[in-house]
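Peer 1: Below is the structure I would like to discuss, written out as structure tokens.
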Amino acid sequence: MSAGSLALERITRRFGEHTAVDDISLHVPAGRLLALIGASGSGKTTTLRIAAGYETPDSGRVLLDGNDITALPPQKRGFGMVFQHYALFPHMSVGQNVAFGLEARGIGRPQRRQKAQNALAAVGLESAIDRSIQSLSGGEQQRVALARALVIEPEVLLMDEPLSNLDPTLRQSTRDELRAMLHRVGVPALFVTHDQEDAFAIADMIALIRKGKLLQTGTAEDLYDRPASLGVATFIGRSTIVPAEDIGDRVGVTIGGVRRELAATRPDGMKGKITSPLVVLRPDALEIVSDDPQAWKGEVINRRFTGGSAVYRVKTADNVELEVASSRMDLREGDSAGVGVIREPVPVVSKE
Amino acid sequence: MTRADNKRTWIIAVPVLALLLWSVVYPNVAVIVGSFENGLGHWREFMSSPADREALTTSIVISLASVVASVLIGVPLAFLLSRFEFPGRRILKAVATLPAALPPLVGVIAFLFLYGESGLVTRAVQRLFGMPEAPWRLTGVWAIIFVHAYTMYVYVFLFVSAGLDRFDTTLDEAASGLGASSWHRLRRVTLPLLTPALAGSMLLVFMTSLGSFSAPYVFGGGIRVLSTQIVASKLNGSMGLAYVETTVLALSAVAGLLLFRWLEGKRKYTSSGKGAATRIILGSQRARMIAAVLSILTVVILILPHLMVVLVSFARDGRWTTQVLPPEYTFDNYRRLVTEAALWKPIMNSVWMSLIATAANVVVCFVAAYLIVMRKFAGRRLLEILTALPWAIPATAIALGLAATFNRNDLLSARVLLVGTFWILPLAYFIRNIPLVSTAVESSLRQMDASLEDAARGLGASWWLTMRRVILPAARPGLIAGALLAAVTAVGEFVASVVLYTHANRPISLEILAQLRALAFGTAAAYSVLLILLVLGMTLTARSFEERIA
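Chains as they are written, first to last, in the working numbering: chain H, 1 to 352; chain P, 1001 to 1550.
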């Protein structure tokens, strides 16, 4: 398998008046996994389809190893694609499905079967080779679709919501398998999901898209701890977002009449004073405290048990609802509580 | 299901099963038994008759050729209309199903007026090139296949179009992503997935042409086919031979059924279709020009028979002899249909017999469909087979079965004298339309959530209230659509009628034939226009009800 890289360069695609993809650039090195995330209708699937060649961009280029492949039809690209509903051929057996790409390449029947067998073995389905597609469970179909995409030794692997049709328990285990498998294959891989947990668990890099525009690309930690904008901060993870005052490296945050100064992280490349700064308080950066005079005071209005911790919503006198993930389990709705900050720096973004 | 439910099911099921066994199965058994009435005598007679052997081969050859011709026209047309965008597409799509609106005999006479020896197109070509005689004759096997292809490609076109609409386009994308060329995709993905639709429509064409009577009867010339042989034997009074010929015809139908079912294989897929593919827009100016010209040409060919029948319906009888176009026009033909009692009678006959048959279909098929869809009981499979059976038996065979069975009153053998009375034709129409109405009602009932019946009962509704307020409303769209289509088929019916009619209950189709024989083309055409209007009106109404189901 060649170790290339896939790049999208300033891609734009319009459907009538609607701009589905607006000037998006992405780069996926060999062996790395990029997740495209965004709400439905954000343009992530169109971006994937442009990478695969099913859509032609109005402007911009698709590059494989630096070569322009924008005009190349899908059947000439040699990419492996896993479709959202898998798109397995219902009239063919599991083995015939997996071997289809080899058949299209004119490879002889015995060799086809051998390769299909190996590919199925790699996803743990070698015994299913002669079964019909209809007899497979959802998880098995997903693995057959993956085997079918991988057996052609693709230059690039593309996946459209690969996990969305699996039930939650299966989803957990499939994430780990998928990640391990993709790193073994060592080609650039791009997948689309609306589920950030899937993206966090599988991807090396995440690109967040909203209304056709790329908001931020980076690791999961980058997006969570150093969001580039308010849009990223609200889409990724949970948070309480509160107005703040910009005082250089630090921000001043006043809640319920109590002012605290916190160490702050600014978005990359944002210099100078932020005009209307907002601070992003993640639940895990907050804690219920009892002896901190600087604590923000409030009343517990909601308690959610999550196993190792409890998540409280604490409402302050000025109606700010702080979401706090705490190791303390003993508070109940109606109790009064103090909230402290245990993890700094906290991200600061600009009001949009 | 409770024991009381079970009992009620059987109380409804037994009369329906008995009625179907008596009207659908019994006559056909009587034919088979009759064919052995003097041991193998009639069968030997059949085997040793060159005419009958020729009829068997010709029937099968014509049916297979009609299938091939219909596929060659219907499949490309379906692909063209659902996958490409070009000037003229919409009008072509609108008229593509129009040949189906021609009742069997009307299509045949339209072709006669157009392409027959003294037809418009034939005369025009002859005049244009100054030929001494007609450039072709519309007789023999080719003429029959020509007419069949024109009327029956519609089945293939409709089935394949529906298949393409349901087709999951991501499968096509998946195949191209895996490197398959467009030819490879067509051969390995698209066509295999369309096979069930294709096989179903091929079977329909095969059955229809095997039972076809009007085209061989009018254009046959010296050609013999099984259906015309059966009628000839019956007219000659050699019923035994007619029984053998009918049995052979029915066996050919069964063979066709098995052949196309085998072709269909076990390929029934539920597809998670994500909408139709985007149509490819023809780009180059030249391609668009050619497409437009070809579309218009096809549209003209498709609607020419209808226009021709309308034109001739205004022609004064007996005046159209050697001219290209009829020389004199008049409203007389239509006026006479209404004012002359002898001409009005067939119209009333057809309408009444069609209404009676359809009313019976509505009652019996609703009960049958209800039992098949909503009840689990031991006789369900049998009921399914019985309601589908008339579809697999050519109409000539059904008619001869009725002629063989209901020719005397005999309570012991459950026979009633119907032959020669008014009632024999409504019975024949009823039997022919059982599959049509049953399937329509079944598909309506299947749309209904099965737990609705339980829910209504759980809310305290009696069985009768549940039937009236829950089940009947759910069945209504299918019931109405099925009834309208059945009425249409019955009002123009020809194949069974020609075997069973008497002068007193002669239907429109036989009066058309009589007028044709008397060379009263205008009157024949006026009847035909009347039929076409009835058929079009009812079909459009039925379609709007079908859309309500989907």
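Note that beta-carbon positions come from the ideal geometry of N, C-alpha and C, so glycine has one too. These numbers were taken from a predicted model, which means no experiment stands behind them.
If we count the other Cβ atoms within 10 Å of its Cβ and call it buried at 16 or more, is P:LEU1172 buried or exposed?
Peer 2: Numbered from 1 along the second sequence, position 172 holds the residue referred to as residue 1172 of chain P. According to the sequence shown, residue 1172 of chain P is Asp rather than Leu. With 16 or more Cβ atoms within 10 Å of its Cβ, P:ASP1172 is classed as buried.
Peer 1: P:VAL1470 touches chain H at which residues, Cβ-Cβ below 8 Å?
Peer 2: One-based indexing of the second sequence puts residue 1470 of chain P at position 470. Neighbours of P:VAL1470 on chain H: none; closest Cβ ~33 Å, over 8 Å.
Peer 1: At a Cβ threshold of 8 Å, is P:VAL1075 touching chain H?
Peer 2: Position 75 of the second sequence, counting from 1, holds the residue named residue 1075 of chain P. So no, P:VAL1075 is outside the interface.
Peer 1: Any idea if H:PRO110 is buried or exposed, counting beta-carbon neighbours within 10 angstroms, 16 or more meaning buried?
Peer 2: Within the first sequence, the letter at position 110 stands for residue 110 of chain H. Result: exposed.
Peer 1: Give me, in chain order, the residues of the same chain whose beta-carbon lies closer than 7 Å to that of P:SER1272; leave out the 5 immediate sequence neighbours on both sides.
Peer 2: Position 272 of the second sequence holds residue 1272 of chain P. Since pLDDT at P:SER1272 reaches only 49, below the 50 mark, its modelled position is unreliable, and the value read off the structure follows with that caveat. Excluding residues within five positions, the ones whose Cβ falls inside 7 Å are ASP1168.
Peer 1: Please report whether the beta-carbon of H:PRO74 lies at a distance below 8 Å from any beta-carbon of chain P.
Peer 2: As a working note, residue 74 of chain H is residue 74 in the first sequence. Yes - at least one Cβ of chain P is within 8 Å of the one on H:PRO74.
Peer 1: For a test of the three-state rule: what should DSSP assign to H:PRO188, helix, strand or coil?
Peer 2: Taking the first residue of the first sequence as position 1, residue 188 of chain H is located at position 188. Three-state DSSP puts H:PRO188 in coil, outside helix and strand.
Peer 1: Please list, in chain order, all residues of the same chain as P:ILE1060 whose beta carbon is under 7 Å from its beta carbon, the five residues on each side excluded.
Peer 2: Translated into the one-based positions of the second sequence, residue 1060 of chain P becomes position 60. If we look at P:ILE1060 and ignore the five residues flanking it on each side, its Cβ neighbours are SER1252.
Peer 1: Buried or exposed, going by whether 16 or more other CB atoms sit within 10 Å of the CB of P:GLY1478?
Peer 2: Looking up residue 1478 of chain P in the second sequence gives position 478. Its Cβ being crowded by 16 or more others within 10 Å, P:GLY1478 is buried.
Peer 1: Measuring only between beta-carbons, confirm whether P:TYR1184 sits less than 8 Å from chain H.
Peer 2: As a first step, residue 1184 of chain P is located in the second sequence; it is residue number 184 there, counting from the start. One point to set straight first is that residue 1184 of chain P is His, not Tyr, in the sequence displayed. It does: the Cβ of P:HIS1184 has a partner Cβ on chain H nearer than 8 Å.
Peer 1: Please list, in chain order, all residues of the same chain as H:GLU352 whose beta carbon is under 8 Å from its beta carbon, the five residues on each side excluded.
Peer 2: The sequence position of residue 352 of chain H within the first sequence is 352, counting from 1. Cβ neighbours of H:GLU352 beyond the five flanking positions: SER229, LEU230 and GLY231.
Peer 1: Name the chain H residues that come within less than 7 Å of P:ARG1189, Cβ to Cβ?
Peer 2: If you number the second sequence from 1, residue 1189 of chain P lands on position 189. For the record, residue 1189 of chain P in the displayed sequence is Val; it is not Arg. What P:VAL1189 touches in chain H: PHE89.
Peer 1: Got a sec, what are the start and stop residues for the beta strand (DSSP E) H:THR12 sits in?
Peer 2: Position 12 of the first sequence, counted from the start, is the residue given in the question as residue 12 of chain H. Note, H:THR12: beta strand (DSSP E), 6-15.
Peer 1: Relative to the ligand FMN, is the shortest distance from any of its heavy atoms to the C-beta of H:GLY4 smaller than 7 Å?
Peer 2: The ligand FMN is absent from the structure shown, which contains no ligands of any kind.
Peer 1: Kindly indicate if chain P contains any beta-carbon less than 8 Å away from that of H:ARG105.
Peer 2: Here the question's residue 105 of chain H lines up with position 105 in the first sequence. Closer than 8 Å to some Cβ of chain P, the Cβ of H:ARG105 qualifies, so yes.
Peer 1: DSSP state of H:HIS18, grouped into three classes?
Peer 2: Walking along the first sequence from the start, residue 18 of chain H turns up at place 18. Three-state result, H:HIS18: strand.
Peer 1: If I'm right that P:SER1284 touches P:ARG1089 with Cβ under 8 Å, what's the distance once you round it to whole angstroms?
Peer 2: Numbered from its first residue, the second sequence carries residue 1284 of chain P at position 284. Numbered from its first residue, the second sequence carries residue 1089 of chain P at position 89. The Cβ separation is near 16 Å, so there is no contact.
Peer 1: What residues from chain P crowd round H:ALA52, counting only those whose CB sits closer than 7 Å?
Peer 2: By 1-based counting over the first sequence, the position of residue 52 of chain H is 52. Correct list: GLY1177.
Peer 1: Determine the chain P residues that contact H:ILE152 at a beta-carbon separation under 7 Å, and present them in chain order.
Peer 2: By one-based count along the first sequence, residue 152 of chain H stands at place 152. Ordered by position in chain P, the residues that pass the 7 Å Cβ test against H:ILE152 are LEU1178 and GLY1179.
Peer 1: Measure the beta-carbon distance from H:ALA156 to H:VAL98 and round it to whole angstroms, keeping in mind my assumption that it falls under 8 Å.
Peer 2: Along the first sequence, one-based indexing puts residue 156 of chain H at 156. Along the first sequence, one-based indexing puts residue 98 of chain H at 98. The question names Ala, but residue 156 of chain H is Val in the sequence shown. Actually they do not touch by this definition, with Cβ atoms about 19 Å apart.
Peer 1: List the residues of chain H whose Cβ lies closer than 9 Å to the Cβ of P:LEU1193, in chain order.
Peer 2: Counting from one through the second sequence, the residue named residue 1193 of chain P turns up at place 193. Within chain H, the residues near P:LEU1193 are PHE89, PRO90 and HIS91.
Peer 1: Considering just the uninterrupted stretch of the beta strand (DSSP E) at H:GLN216, what are its terminal residues?
Peer 2: Here the question's residue 216 of chain H lines up with position 216 in the first sequence. It spans 213-218 - the beta strand (DSSP E) in which H:GLN216 sits, taken as one unbroken run.
Peer 1: Quick one: what does DSSP say P:TYR1329 is sitting in, helix, strand or coil?
Peer 2: Position 329 of the second sequence, counting from 1, holds the residue named residue 1329 of chain P. Strand at P:TYR1329.
Peer 1: Quick test of your reading: P:THR1122 and P:TRP1136, contact by CB under 8 Å. State the CB separation rounded to the nearest angstrom.
Peer 2: In the second sequence, counting from the first residue as 1, residue 1122 of chain P sits at position 122. In the second sequence, counting from the first residue as 1, residue 1136 of chain P sits at position 136. Confirmed, about 7 Å.
Peer 1: Here's the rule: buried if 16 or more other CB atoms are within 10 angstroms of the residue's CB, otherwise exposed. What is P:PRO1076?
Peer 2: For the purposes of this step, residue 1076 of chain P is taken as the residue at position 76 of the second sequence. P:PRO1076 should be labelled exposed.
Peer 1: Would you decide whether P:PHE1129 is buried or exposed? Buried here means 16 or more other CB atoms lie within 10 Å of its CB.
Peer 2: Start at 1 with the first residue of the second sequence, and residue 1129 of chain P comes out as number 129. Exposed, by the Cβ-count rule.
Peer 1: If you measure from the beta carbon of H:PHE191 to each beta carbon in chain P, is any gap under 8 Å?
Peer 2: In the first sequence, counting from the first residue as 1, residue 191 of chain H sits at position 191. Not closer than 8 Å to any Cβ of chain P, the Cβ of H:PHE191 fails to qualify, so no.
Peer 1: Which word fits P:VAL1033, buried or exposed, when buried means at least 16 other C-beta atoms lie within 10 angstroms of its C-beta?
Peer 2: Stepping through the second sequence from its first residue, residue 1033 of chain P is reached at position 33. P:VAL1033 is exposed by the Cβ-count criterion.
Peer 1: What residues from chain P crowd round H:PHE79, counting only those whose CB sits closer than 7 Å?
Peer 2: For this step, residue 79 of chain H is matched to residue 79 along the first sequence. Neighbours of H:PHE79 on chain P, chain order: GLY1177.
Peer 1: Tell me whether P:MET1148 is buried or exposed, calling it buried when 16 or more other Cβ atoms sit within 10 Å of its Cβ.
Peer 2: The sequence position of residue 1148 of chain P within the second sequence is 148, counting from 1. This sequence places His at residue 1148 of chain P; Met is not what is there. The residue is buried, with at least 16 neighbouring Cβ atoms inside 10 Å.
Peer 1: Among H:THR316, H:ILE342 and H:TYR312, whose alpha-carbon lies nearest the alpha-carbon of H:ASP330?
Peer 2: By 1-based counting over the first sequence, the position of residue 330 of chain H is 330. Closest option to H:ASP330, Cα to Cα, is H:TYR312.
Peer 1: According to DSSP, is H:ASP160 helix, strand or coil?
Peer 2: Indexing the first sequence from 1 puts residue 160 of chain H at position 160. The answer is strand: DSSP assigns H:ASP160 an E or B state.
Peer 1: Cβ of P:GLU1085 less than 8 Å from any chain H Cβ?
Peer 2: What you label residue 1085 of chain P is simply residue 85 of the second sequence in a count that begins at 1. No, P:GLU1085 does not count as interfacial toward chain H.
Peer 1: Hey, P:LEU1302 and P:VAL1095: beta-carbon distance below 8 Å or not?
Peer 2: What you label residue 1302 of chain P is simply residue 302 of the second sequence in a count that begins at 1. What you label residue 1095 of chain P is simply residue 95 of the second sequence in a count that begins at 1. Yes; because the gap between Cβ atoms is below 8 Å, this pair is in contact.
Peer 1: May I ask you to list, following chain order, the residues of the region 1129-1155 of chain P that have a beta carbon less than 7 Å from some beta carbon of chain H?
Peer 2: So the list is empty, because no residue satisfies the distance condition.
Peer 1: In the DSSP assignment, find the alpha helix (DSSP H) that holds P:VAL1156 and state where it starts and stops.
Peer 2: Here residue 1156 of chain P is taken as the residue at index 156 of the second sequence, counted from 1. Its alpha helix (DSSP H) spans residues 1140-1166.
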